[in-house]
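What follows is one structure encoded as structure tokens, with my remarks underneath.
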Amino acid sequence: MKGETILTGGKRIHLGGIHSEGYYIEPTIIEGLPHDCRTNQEEIFGPVVTLQPFDTEEEVLSYANSTTYGLAATLWTQHLTRAHRVAGKLHNGIVWVNCWLLRDLRTPFGGMKASGVGREGGFEALNFFTEEKNICIKL
Amino acid sequence: MQKIQNYINGKLTAPLSGKYIDNYNPATGQVYSLIPDSDEQDVALAVIAAEAAFPVWSAMRTEERSALLIRLSELIEKHLERFAVAESIDNGKPVWLARTVDIPRAVSNFHFYATAALHMSTEAHAMGDIAINYTVRTPIGIAGCISPWNLPLYLFSWKIAPALASGNCVVAKPSEITPMTAFMLSELAIEAGIPPGVLNIIHGHGTKVGKAIVAHPKIQAVSFTGGTKTGEEISRIAAPMFKKLSLELGGKNPNIIFADCDFDKAVKTTVRSSFSNQGEICLCGSRIFIERSIYDKFKSAFVQEVKKLKTGDPLDDTNWLGAIVSKPHMEKILHYIDLSKHEGGNYFNRWKTYSFGWHSQ
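Protein sequence lines correspond, in order, to chains A and B.
Residue numbers for the first sequence, in my numbering: 222 to 360.
Residue numbers for the second sequence, in my numbering: -1 to 359.
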């Protein structure tokens, strides 16, 4: 693979007037990085994404599942069985197929691995905030 | 300059320490309000208030609790525009996003859980003619809710709404980076008639207030959304105390694009999933994997669309991206961009892992 390239962005934006000391960063797209480098393993939590090519399902699953995190994944395909197959093998608490951030508040929300413990949403949250007690009565 | 206040036992109060933290407007880099620099003493007062309120709140008919929370939801809706502007100024997110996503979702969270609580049911298990089991669910008591800066009121309400709806009293801490809408919520809680002590909101640093909430022996459940490092610290304190813990932490989400996708939709949505809210959503996809046969085509279409996005003043509706939430966070992102320049090969670098502290996601 050729070296790292910033395809667009990569810099702070300096605006004028009252915004001259504001915190602005250009939306940034990077390609040419290996899947296991720190930029591709650690959470940046900003307007920075990387592009990486893949050849097979197996290969992309190994890349996708290679981080310590397991919150959400997005999958784009028109192939029904591939969508089910890949969704089933992703180590993420939430998988969106052909959409993103489509939320039904009843569904379990949360991550696997280092992305968290437990789920929020729907009755999951009401169960979390209550304690169960079982009472057994002999007839 | 506006001073944000704590909300303890139904009243808006100053922190016992008398100290305040500067609150920055990320769009201008200027201080625009002051945040209480509270500590464990303020948390202790909130717990006393919550403990006193719990017997009445937990015994209240579910319909009555539900009605109060629906009233709160309606009040936020009534003040939607004011909340959206405040959220935008405090966080740096575009006001159009706060207006269409953050604040409407906070309205929904209260409404959803106020009504969901009406449908809670419990189970019975019969053992033929030998015995019958029935299971009851009761509120835990006092719940601690700690929320992050990226979707301030949205995620704050996502935690306190189910906690309150199921009959708990709450001691909550919003992020000290974005405290404004939680403060405005406390004003509406008073107006809605939420009984004193049921909801308490303490502002300040995670290392003081967050830690005090997690360590307080009378807070039996902690729900936290934020960075993975902080989640680790919270577990270390709470686990030996056998507290219930709910942790929503970081992510590094993959976005996988196969050659047989609906190309235009995939490009359009990937722009959103990459850069919505300046990429400051734990659900954003930051690693985009593209099947090789469409790699170049996708790359050029995606880059072309992203180049059209305008970044600037969050209060200007023509901007698609606003400001990064804080100076330290902006510097962290820029450091990562710098780091990436040395990672093209398997170049080993000495960049130290950035610690998220108690406040970020």
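For glycine and all other residues, C-beta sits at the position ideal for the given N, C-alpha and C.
Exercise. In chain B, which residues lie with their C-beta within 9 Å of the C-beta of E341/A?
Worked result: W156, K157, P160, S221, T223, S244, E246
Exercise. From C282/B to S274/B, what does the alpha carbon distance come to, in whole angstroms?
Worked result: Approximately 8 Å between the Cα atoms of the pair.
Problem set entry | G237/A burial status per 10 Å Cβ neighbour count (16 or more: buried) | exposed
For this session: May I ask you to report which of helix, strand or coil DSSP gives F222/B?
Result: strand
Exercise. With distances taken between CB atoms, is the gap from G314/A to G339/A smaller than 8 Å?
Worked result: no
Exercise. Nearest chain A C-beta to A115/B closer than 8 Å, yes or no?
Worked result: Interface criterion met: the Cβ of A115/B is under 8 Å from a Cβ in chain A.
Exercise. For I239/A, which of helix, strand or coil comes out of DSSP?
Worked result: helix
For this session: Return the bridge partner residues of Y18/B from the DSSP annotation.
Result: P34/B
For this session: Quick one: list the residues of chain A neighbouring L319/B, beta-carbon separation under 9 Å, in chain order.
Result: Near L319/B (Cβ distances below 9 Å), the residues of chain A are Y245, I246, E247, P248, P268.
Exercise. Interface residues of chain A around L164/B at Cβ under 7 Å?
Worked result: One detail in the question is off: residue 164/B reads as Ser in this sequence, not Leu. Near S164/B (Cβ distances below 7 Å), the residues of chain A are L347, F350, T351.
Exercise. Beta-carbon of L301/A versus every beta-carbon of chain B: anything under 8 Å?
Worked result: Taking Cβ atoms only, chain B never reaches closer than 8 Å to L301/A, which makes this a no.
For this session: Note down the Cα distance separating V281/A from K305/B, rounded to an integer number of angstroms.
Result: About 27 Å.
Exercise. Where V323/B and G267/A are concerned, what is the direct C-alpha to C-alpha distance, given to the nearest angstrom?
Worked result: 10 Å
Problem set entry | G27/B and G243/A closer than 8 Å at C-beta | yes
Exercise. H214/B: which of H333/B, E49/B, T179/B, L70/B sits nearest, CA to CA?
Worked result: That would be E49/B, whose Cα lies nearest to the Cα of H214/B.
For this session: Within 10 angstroms of the Cβ of V29/B, are there 16 or more other Cβ atoms? Answer buried if so, exposed if not.
Result: exposed
Exercise. Does the beta carbon of K310/A sit closer than 8 Å to a beta carbon anywhere in chain B?
Worked result: no
For this session: Mind checking which residues open and close the beta strand (DSSP E) that includes S244/B?
Result: 242 to 246
Problem set entry | Residue-chain proximity (Q276/B, chain A), Cβ-Cβ < 8 Å | yes
Exercise. By DSSP, does D257/A sit in helix, in strand, or in coil?
Worked result: coil
Exercise. Could you give the distance in angstroms between the alpha-carbon of C320/A and the alpha-carbon of V307/A?
Worked result: 15 Å
Exercise. Nearest to L326/A by alpha carbon, out of V207/B, P137/B, T113/B, R80/B?
Worked result: T113/B
Exercise. My guess is that P172/B and P150/B are in contact by the Cβ rule of under 8 Å, so how many angstroms apart are they, rounded?
Worked result: 6 Å
Exercise. Given 8 Å as the limit, is there contact between the region 343 to 355 of chain A and the region 163 to 178 of chain B, that is, 3 or more CB pairs closer than that?
Worked result: yes
Problem set entry | Where the alpha helix (DSSP H) through T268/B begins and ends | Looking at the DSSP string, the run of the alpha helix (DSSP H) that includes T268/B is 261 to 273.
Exercise. What is the residue span of the alpha helix (DSSP H) that H123/B lies within?
Worked result: Unbroken run through H123/B is the beta strand (DSSP E), 122 to 125; no alpha helix (DSSP H).
Problem set entry | Supposed close pair E337/A, G229/B - CB separation, criterion 8 Å | The amino acid occupying residue 337/A in the given sequence is Gly; Glu does not appear at that position. That pair is a contact at about 7 Å.
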